[in-house]
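These notes are about the structure you will find just below.
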Amino acid sequence: MRADRFTGKTVCITGGAQGMGRQAALDMAAEGAAVAVTDIDDQALEDIKGEFDEMGAASLVLHCDVSKCSEVEAAVARIADQFGSLDILINNAGLLKSFTIEETTNELIDRTIDINIKGVLYAVRAVTPIMKKQNYGRIVNISSIAGKNGDNTTSFVYGASKGAVITITRSTARQLGPFGITCNAIAPHAVMTKMMEYWDDDKKQAMADKIPLKRLGTVEDMSNLMMFLASDESSFITGEVININGGYYMD
Ligand SMILES: NC(=O)c1ccc[n+]([C@@H]2O[C@H](COP(=O)([O-])OP(=O)(O)OC[C@H]3O[C@@H](n4cnc5c(N)ncnc54)[C@H](O)[C@@H]3O)[C@@H](O)[C@H]2O)c1
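Note that this note's numbering gives residue 203 to position 202 of the sequence shown, counting from 1, and the numbers run on in steps of one.
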């Protein structure tokens, strides 16, 4: 196992049992982190636990629905208790549904806000006293191109929720900066995970053709940026929202 950027660090990745969060969890474990993964998919949690154990990594997997404040607070307390610190929080859990404006139900609006916005607020609030006490922390939020530029393939509440993640990132960066805590976000687009299974092959090809780098995103691309923002290599960067989309959208 490689052990460098994250040796001695504890990381919590929400929704980290699959997709880009899973990749970041495994990559950070390979670089020495003690990794706690929370998710609502118990089979995926069990699978990633097996991978951590094969690597010989210190790890913890917890069933935790980020939309439930009590579960988030209990998970954060358990992680800090087990590993003695909580240095890095990656707010990765998310819900995306593809519906038109007229099709978007009240239930979908509520569920998207509960997971994509409240889940981030609950987790940031729960880690704040721990990170303040440490005078150290790295928070990485997963926004989206839809939160910056709007989007016509996802429900409009998804873009709204990811826009909120950007303002949460900036407020957190301003308020926690004096305590040695950075907070940044990434704004991905077109990363081929389970969430994007609703794109058929024609849609994927059409999108790749429009991207200057002529390909779709990979979970490794996302993990590399999450790790940079979670590491001390980015210690003078805070409140930023970094596009990661092959040049499809620039601002
Ligand atoms: N894939 C993309 O193109 C893309 C683009 C922009 C932003 N994002 C964002 O990236 C993040 C990761 O998505 P992904 O593409 O890896 O998707 P994914 O579906 O592979 O992974 C999402 C994970 O979140 C978990 N999850 C869902 N609801 C949860 C809840 N209430 N509590 C805890 N965990 C929950 C799922 O079980 C799953 O393991 C999301 O926030 C998503 O909105 C993805």
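The C-beta atom is built at its ideal place from N, Cα and C for all residues, glycine as well.
Beta-bridge partners of residue i, as assigned by DSSP
i	result
residue 189	245
residue 286	There is no way to answer for residue 286, as the model of the chain reaches only from 2 to 252.
residue 40	64
residue 142	92 and 186
residue 12	36 and 89
residue 218	192
Contact check, residue i vs residue j, beta carbons under 9 angstroms
i	j	result
residue 15	residue 98	no
residue 107	residue 141	no
residue 207	residue 215	no
residue 170	residue 144	yes
residue 192	residue 166	no
residue 139	residue 89	yes
residue 21	residue 232	no
residue 245	residue 188	yes
residue 25	residue 33	no
residue 168	residue 230	no
residue 158	residue 105	yes
residue 190	residue 218	yes
residue 11	residue 85	yes
residue 62	residue 131	no
Ligand 2 heavy atom lying under 8 angstroms from the CB of residue i
i	result
residue 117	The model on display carries ligand 1 but not ligand 2.
Exposed unless 16 or more other CB atoms sit within 10 angstroms - verdict on residue i
i	result
residue 227	buried
residue 237	exposed
residue 123	buried
residue 252	exposed
residue 64	exposed
residue 39	buried
residue 136	exposed
residue 211	exposed
residue 195	exposed
residue 172	exposed
residue 2	Because the pLDDT at residue 2 is just 48, under 50, the model does not fix this residue reliably, and the point stays unresolved.
residue 201	exposed
residue 9	exposed
residue 249	buried
residue 175	exposed
residue 222	buried
Whole-angstrom C-beta distance between residue j and residue i, which should lie under 8 angstroms
i	j	result
residue 37	residue 70	Contact flag wrong, Cβ pair sits at about 18 angstroms.
residue 119	residue 68	6 angstroms
residue 29	residue 53	Their Cβ separation, rounded to whole angstroms, is 11 angstroms, which puts residue 29 and residue 53 out of contact at 8 angstroms.
residue 87	residue 129	Not confirmed; about 10 angstroms, so no contact.
residue 66	residue 102	In fact, because the Cβ distance is near 27 angstroms, the residues do not count as touching under 8 angstroms.
residue 110	residue 96	In fact, because the Cβ distance is near 11 angstroms, the residues do not count as touching under 8 angstroms.
residue 243	residue 185	7 angstroms
residue 133	residue 148	Wrong, their Cβ atoms sit about 27 angstroms apart, outside the cutoff.
residue 247	residue 213	6 angstroms
**Item:** At least 3 beta-carbon pairs within less than 8 angstroms: the stretch 42–51 vs the stretch 68–87
**Value:** They do not touch, by the three-pair rule.
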